[in-house]
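If you read the sequences in order, they're chains A, B, C and D. Numbering of the first sequence is given in the numbering used here, commencing with residue 1 and proceeding in unit increments. Numbering of the second sequence is given in the numbering used here, commencing with residue 136 and proceeding in unit increments. Numbering of the third sequence is given in the numbering used here, commencing with residue 271 and proceeding in unit increments. Numbering of the fourth sequence is given in the numbering used here, commencing with residue 406 and proceeding in unit increments.
Number of protein chains: 4
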Amino acid sequence: MPKIFTATDIQQFDKEVQKDYFDRHTPVIDCPSEVNENERFPVRIFLGSQYAHPDDGDHFIGKVQLWNRETLLAEATIFPGAMGNQPGHVEVVFTIIPKVSMNLTAMSYCTKHGLWQSLPKEVKVNHPDQQCSKS
Amino acid sequence: MPKIFTATDIQQFDKEVQKDYFDRHTPVIDCPSEVNENERFPVRIFLGSQYAHPDDGDHFIGKVQLWNRETLLAEATIFPGAMGNQPGHVEVVFTIIPKVSMNLTAMSYCTKHGLWQSLPKEVKVNHPDQQCSKS
Amino acid sequence: MPKIFTATDIQQFDKEVQKDYFDRHTPVIDCPSEVNENERFPVRIFLGSQYAHPDDGDHFIGKVQLWNRETLLAEATIFPGAMGNQPGHVEVVFTIIPKVSMNLTAMSYCTKHGLWQSLPKEVKVNHPDQQCSKS
Amino acid sequence: MPKIFTATDIQQFDKEVQKDYFDRHTPVIDCPSEVNENERFPVRIFLGSQYAHPDDGDHFIGKVQLWNRETLLAEATIFPGAMGNQPGHVEVVFTIIPKVSMNLTAMSYCTKHGLWQSLPKEVKVNHPDQQCSKS
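The following block contains the structure:
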């Protein structure tokens, strides 16, 4: 198992020279912070806010995973060429259905630079039925 | 390898009783019919226009794949529970970058009912640079 | 979904020139023909009885799957470089536990030449307890 | 991303009650400690030296991965039922071809108890050609 690079590591780097390295590998989760129980919602995961990642046979993003705490909800496996063999921003959207509040994390795997972890994303899950029964 | 069930099979079934079976398993591709070379675009794949699929440990959608002709571009592996262990519409969005015109197909895999194939989706790829050079 | 190439197609080709093409892509299942219920046994899947397959970034064996009829039991995803970026014989062994008689098929996926299917392998499953109770 | 449980954690637990928990989840690598460059060799990964793991829809071993340092060489995805829906020892054998000395690690993923890491396995790679050229 590799060292896992995390989104928080990037803040330690002042110099621009390493920012691209972190930016293009670190997955970012984009989804609502509050959802309703039993209502499906999309979780968008993308890589590279500024810098695109290569899509070469010896250097590509091979996996994007979505975890809820210890649980792997879904993962995308991507083969080289999906991004046209050129630099691009990998992006996957999974749709999930929540039961209780979640702590989501995304992981991405680069075939040359290993495993990268997003910042965690708290998703509060409202329970409408329970709210009704309280009144 | 199982028999592969295809979206065209559904039209052979007049009776409502089997429509749900086909509808909830067959993936549908939603993406533009015309895109530009080297411009990333999203390909949405969803299951069940009307009928939702269970998410039980012994019966769930375990895979959604995106093919371009003979080539597997990307696939999602989904573990039971991602849809809250209740019926839902599985949906994945992959982002790809095109070089030449594509013939996309989606596949879904149900752990109980095997492998299902979408209708093909032609995507015409425009080559802006070539158009310029013609003028 | 691509055309699926099958092990039986190879017999149509007399000429040596195409034999290597079929040989290096077609998975072969190697496992006992008769096993006992509830006793784990290995299923070996290998590619290329004579001809080795490249392991290049734009041309590698990316998947090896084991199916029992309509059911995907397990699959290996292989990234380029696992075979040292040189021609080799991909091989995976899965261990499974049988309940009733099986009809196994292996699939392999080449990133350049698509999806290939093995000959089916019948595995008879003996039920020792039932045999005892008969006597 | 979950906490990653490691094979070394098990030594902290004196009491038998937790030994089964660690034993049945922790992958173990079985392969030669010394191999030749460019010669394929099998890497066997198994779970549970003593205790078998369930294969239920809500609790199964879903993944077994083989890493060389930061690099994911191959992974098996296993669907519930492959082990007959009963406790068993998951086992996968990957075949790889080495170039230089390796530091292998296996990971396993349990859908209920998260991600587990093996002890690392050093594999020394001999370079026969270089030895010849020295003499």
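Quick reminder that beta carbons are idealized off the backbone N, C-alpha and C, glycines included. Please read all numbers here as calculations on a predicted model, not as lab measurements.
DSSP has residue i in a bridge; who is on the other side?
i	result
Ser-141 (chain A)	This structure leaves residue 141 (chain A) out entirely; chain A is present only between 1 and 135.
Gln-423 (chain D)	Answer by DSSP bridge pairing: none, since Gln-423 (chain D) is not bridged.
Cys-110 (chain A)	A:Ile-61, A:Gly-114
Thr-6 (chain A)	A:Gln-117
Glu-226 (chain B)	B:Phe-181
Glu-257 (chain B)	B:Asn-238
Phe-41 (chain A)	A:Ile-96
Asn-306 (chain C)	C:Asn-396
Helix, strand or coil, according to DSSP, for residue i in the structure here?
i	result
Ala-209 (chain B)	strand
Asp-58 (chain A)	coil
Pro-368 (chain C)	coil
Arg-474 (chain D)	coil
Pro-27 (chain A)	strand
Under a Cβ-count criterion, where at least 16 other Cβ atoms within 10 Å of its own Cβ denotes burial, should residue i be classed as buried or exposed?
i	result
Asp-460 (chain D)	buried
Gln-455 (chain D)	exposed
Ser-33 (chain A)	exposed
Gln-387 (chain C)	buried
Lys-256 (chain B)	buried
Val-370 (chain C)	exposed
Gln-153 (chain B)	exposed
Gln-200 (chain B)	buried
Lys-63 (chain A)	buried
Ser-270 (chain B)	Low per-residue confidence applies at Ser-270 (chain B): pLDDT is 42, beneath 50, and the placement is therefore not dependable, though the value from the model is reported in the following sentence. Exposed, by the Cβ-count rule.
Ser-538 (chain D)	Low confidence applies to Ser-538 (chain D): its pLDDT is 48, below 50, so where it sits in the model is not reliable, and the reading given next is rough at best. Exposed, because fewer than 16 other Cβ atoms sit within 10 Å of the Cβ of Ser-538 (chain D).
For the 8 Å Cβ check, are there 3 or more pairs between the segment 357–374 of chain C and the segment 499–517 of chain D? yes
Can you find at least 3 beta carbon pairs, one from the segment 472–486 of chain D and one from the segment 340–356 of chain C, that sit closer than 8 Å? yes
Under 8 Å: do the segment 290–306 of chain C and the segment 197–208 of chain B share three or more Cβ pairs, one atom per stretch? no
Taking three-plus beta-carbon pairs below 8 Å as touching, is the segment 446–456 of chain D in contact with the segment 162–182 of chain B? no
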